[in-house]
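Down below is the structure, laid out as structure tokens.
Number of protein chains: 2
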Amino acid sequence: MTRVAACQISLNIENPAENIARADKAIADAISQGAQIIVLPELTNSGYAFTSVSEVQERSTTLDGDIVEKWKKIASVNDVVIVAGLALSVDSRLYNASVIIDKTGLLGWYAKVHLFGEEHQFFKSGDKPPLVVNTAHGRIATMVCYDVEFPEWVCLAMLDRAALLAVPTNWPNLGQLIHGTPMEAVRVQAAASVNKMVAVAADRSGSERGHSWVSSSVITDYEGNISAIAHRDSQADVQVLVADVDLPTDTSITPKNDVRKDRQPDLYNGILKY
Amino acid sequence: MTRVAACQISLNIENPAENIARADKAIADAISQGAQIIVLPELTNSGYAFTSVSEVQERSTTLDGDIVEKWKKIASVNDVVIVAGLALSVDSRLYNASVIIDKTGLLGWYAKVHLFGEEHQFFKSGDKPPLVVNTAHGRIATMVCYDVEFPEWVCLAMLDRAALLAVPTNWPNLGQLIHGTPMEAVRVQAAASVNKMVAVAADRSGSERGHSWVSSSVITDYEGNISAIAHRDSQADVQVLVADVDLPTDTSITPKNDVRKDRQPDLYNGILKY
């Protein structure tokens with residue numbers, strides 16, 4: 156059994172220092188609850204509603220910057236895995252990124268591939284597959300927000316034998332119909348279910364320059380059942396969901412079926428031709 | 156607006172004639188409610204729990220058999236589309252198939268590719284992509300049951316510009332956790348949502364040789380929201396769900412995003428190498 160946490164934080168582009176303070180508070184809260192894997196939202200350091208590239212630059216961090224250094228220490232002292240979305244500057248290029256850190260340090264970073272809305276104006280899109288790494292608490296994949304709506308992308312994480320998919324996200328409230336489980340969380344459930352992976356999606360809250368958010372962080376087991384989901388109406392600046400989940404050890408779903416082995420990749424070739 | 160129906164029928168392998176009588180009753184009910192597209196379960200003519208190939212043979216039909224001929228007449232007289240799962244014999248081979256019929260006749264048939272459980276013992280697996288055809292009521296794709304758990308397969312239907320995905324199914328109750336919306340329906344919601352297609356899944360009911368079923372037929376709109384879902388506790392032999400849905404005319408989801416155009420197929424190539 157592994158204890159996982161999704162940290163739903165109120166972010167605001169106007170106050171980057173406060174964003175990180177809230178992230179630190181959420182990490183501390185998750186640790187105090189015994190969480191071993193802690194997931195933070197997309198663009199935790201910056202907020203989302205940029206109006207210029209310089210706004211991104213001013214709020215971005217680097218792989219050897221203060222934020223990652225601090226989280227490496229926290230991960231080391233507490234033996235936790237931290238997965239966090241960050242506005243990241245690498246070789247003078249800006250990425251909507253996710254980092255995975257454990258007690259041994261920074262294990263890797265990933266740049267969002269499927270950019271949403273205006274993001275092309277502010278970020279270079281990634282060109283690498285979902286990051287999948289062995290951590291002190293299991294084999295973990297990460298991708299960012301809209302990436303998870305592309306099932307072929309999620310499938311890559313399963314094929315690379317991830318046991319848990321960590322998704323930093325900022326799910327925009329675009330006036331979509333929401334009754335019962337929001338579709339954003341439904342898609343995460345299905346991603347977990349069809350790939351036999353635990354899924355942890357950390358969304359955000361907090362209105363920002365007229366934008367609002369679904370605020371529906373969710374943790375599912377590897378069958379896609381919801382283990383914990385955020386209270387959407389809570390306006391708490393920090394809301395930490397915690398759940399105990401079993402990480403899968405294989406991709407079988409019945410004695411005769413396996414979501415990996417039952418694939419028919421030769422027949423999927425055609426998919427690339429459209 | 157298009158009126159669609161999912162017909163949830165109690166099937167029993169011991170009484171094939173009664174299975175078809177119930178299907179006909181469901182079709183008549185759907186027509187009386189004004190449905191234009193009518194979806195029936197997987198293996199409507201046979202039931203599911205075979206113990207020998209000869210049991211499949213005895214219950215199978217052919218593309219020019221009585222069942223298809225009758226449904227062609229019904230479709231012609233009433234201007235409806237019928238999509239139905241059938242145990243089908245073609246060139247002396249047995250398939251777990253789906254047929255699409257409209258007022259002009261039989262538009263095509265599809266053989267289930269991803270076989271579940273013991274099905275390999277009884278059926279030859281298909282080797283063709285999801286069937287996608289223009290009908291009198293829109294461009295319709297079909298695949299069968301477990302196929303829909305392979306997102307790359309569902310994506311093929313979207314890429315071939317289907318507006319509606321019709322899924323004949325027999326969702327087995329294997330003791331999986333079911334609270335709220337069953338995961339079988341959640342996966343259909345996500346399939347609809349990430350591909351911007353209406354989805355109609357027709358499940359079955361009726362205990363059969365010790366097997367039972369999720370009995371959770373579902374109709375979703377093209378955003379994945381549930382338009383209608385079966386009452387799982389109903390043991391009605393015929394339960395017809397009807398909903399009015401808009402068929403999508405494109406794959407855009409926001410002014411700047413499109414589930415088809417935002418794909419990065421060059422990066423998905425790797426998927427085939429695992």
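Those protein sequence lines, which keep their order, are chains A and B.
So the numbering used here is basically just the index in the first sequence, starting at one, shifted up by 155.
So the numbering used here is basically just the index in the second sequence, starting at one, shifted up by 155.
Virtual Cβ for every residue (Gly too), placed ideally from N, Cα, C.
Treat the numbers as computed from the prediction; the structure is a model and nothing was measured.
query	result
C-beta contact flag for residue 332 of chain A and residue 380 of chain B at 8 Å	yes
Cutoff 8 Å: residue 342 of chain B Cβ touching any chain A Cβ	yes
Nearest candidate by alpha-carbon position, reference residue 394 of chain A, set A:373, A:409, A:414	A:373
Within chain A, partners of residue 208 of chain B - CB distance below 8 Å	Within 8 Å Cβ-Cβ: nothing; residue 208 of chain B doesn't reach chain A, min ~17 Å.
Interface residues of chain B facing residue 289 of chain A [CB-CB closer than 8 Å]	Going along chain B, no residue has its Cβ under 8 Å from residue 289 of chain A, so there is no contact; the nearest lies around 17 Å.
Interface positions of the stretch 203-228 of chain B facing chain A (Cβ-Cβ less than 8 Å), listed along the chain	none
Run of the beta strand (DSSP E) containing residue 257 of chain B, from where it starts to where it stops	248-257
The stretch 358-371 of chain B / the stretch 200-220 of chain B touching (three or more Cβ pairs under 8 Å)	yes
Which listed residue (B:267, B:401, B:352) has its alpha carbon closest to that of residue 320 of chain B	B:352
Contact belief for residue 164 of chain A with residue 392 of chain A at Cβ below 8 Å, rounded distance in angstroms	7 Å
Cutoff 8 Å; reference residue 214 of chain B; Cβ partners in own chain excluding five residues on either side	168, 171, 200, 201, 202, 242
Closest Cα partner of residue 304 of chain B within the set A:347, A:190, A:272	A:347
Through-space distance from residue 211 of chain A to residue 247 of chain A, alpha-carbon basis	12 Å
Residue environment, residue 429 of chain A, which counts as buried when at least 16 other CB atoms sit within 10 Å	Here residue 429 of chain A scores only 44 on pLDDT, less than 50, and its place in the model is too uncertain to base an answer on.
Interface residues of chain A facing residue 449 of chain B [CB-CB closer than 8 Å]	Nothing in the structure corresponds to residue 449 of chain B, since chain B is present only between 156 and 429.
Span of the beta strand (DSSP E), counted from its first residue to its last, around residue 287 of chain B	286-290
Selected residue, minimal CA-CA separation from residue 225 of chain B, among B:175, B:342, B:192, B:249	B:175
7 Å Cβ cut-off: residues of chain B touching residue 419 of chain A	268, 269
Chain A residues whose Cβ lies nearer than 9 Å to that of residue 156 of chain B	Chain A residues near residue 156 of chain B: none, gap ~17 Å exceeds 9 Å.
Cβ distance (whole Å) where residue 232 of chain A is taken to contact residue 192 of chain A below 8 Å	Their Cβ separation, rounded to whole angstroms, is 16 Å, which puts residue 232 of chain A and residue 192 of chain A out of contact at 8 Å.
Three CB pairs or more closer than 8 Å across the stretch 312-319 of chain A and the stretch 298-312 of chain B	no
Beta-carbon separation (whole angstroms), residue 419 of chain A vs residue 349 of chain B, contact threshold 8 Å	Rounded, the Cβ-Cβ distance is 20 Å, inconsistent with contact.
Cβ of residue 324 of chain B within 8 Å of any chain A Cβ	no
Runs of alpha helix (DSSP H) lying entirely within the stretch 347-379 of chain B, each at least 4 residues, in chain order	none
Start and end residues, beta strand (DSSP E) containing residue 226 of chain B	No beta strand (DSSP E) holds residue 226 of chain B; the alpha helix (DSSP H) holding it covers 221-233.
As assigned by DSSP and simplified to three states, the class of residue 208 of chain A	helix
Rounded distance between the beta-carbons of residue 239 of chain A and residue 253 of chain A, thought under 8 Å	7 Å
Euclidean distance between Cα positions of residue 291 of chain B and residue 179 of chain A	58 Å
Where residue 429 of chain A sits in the DSSP three-state scheme	Caution is warranted here: a pLDDT of 44 is assigned to residue 429 of chain A, below 50, making its placement in the model unreliable, and the coordinate value is therefore given only provisionally. Three-state DSSP puts residue 429 of chain A in coil, outside helix and strand.
Cβ neighbour criterion (16 or more within 10 Å) applied to residue 289 of chain B	exposed
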